[in-house]
Amino acid sequence: MSKTLELKGPIVVVALFLLTGIVGSLFIALGPKATERAPGIVHIGVRYANEMSLAFNQYGKNGPGATIELIAPDGSVVYTLENLRIGRNLMPLKDITDGPYTARLSAPGYHMREIPIVVDGRMINPPKGVQFEKGTHADYNMLGVRFEVAEPSL
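The numbering of the sequence shown is the working numbering, which starts it at 150 and goes up by one.
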């Protein structure tokens, strides 16, 4: 008869404490370095006023594809992300200097929306005391927009 390895209760408990201590110390030592290099993530919510209508079916389930641009105070576009879909989208926030910006969201056939934001490191925040126009929202690392249909020009 062959012998099998039996681990007694106290040995298992000591091994678990030891492994937990090793993994925990690695998180403490390596965690800040990993988060310094990782970009911040901004959540962008996109909805359309007429997305439940029959006319909206021409775009498919993802919508017409919105675009976000971060506009610097001097008017230059510092970042662009295209093909935003209906619902939640994730935008990496890296290589953008701190300061005030305007997030311009647009979609073909819909009114453009502008949201004032402040970039601070790897996060965005709304400026203090700002009133947002109807159909827009900004919060900590989160932007939301509801596009209204643009009237066709004659």
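Just so it is clear, CB atoms sit at the ideal spot from N, CA and C, and this is done for glycine as well.
In this structure, DSSP gives Asn206 a helical state, which the three-state scheme calls helix.
Each residue's CA atom was taken as its position, placing Asp223 and Lys210 some 37 angstroms apart.
Buried is the label assigned to Phe296, since at least 16 other Cβ atoms lie within 10 Å of its Cβ. Separation of the CB atoms of Met240 and Val191 is rounded to 4 angstroms, and the pair is thereby assigned contact status at 8 angstroms. Around the CB of Leu203, fewer than 16 other CB atoms lie within 10 Å, so the residue is classed as exposed.
Assignment of Ile245 by DSSP, reduced to helix, strand and coil, places it in the coil class.
Asn274: member of the beta strand (DSSP E) spanning 272-274, first to last residue.
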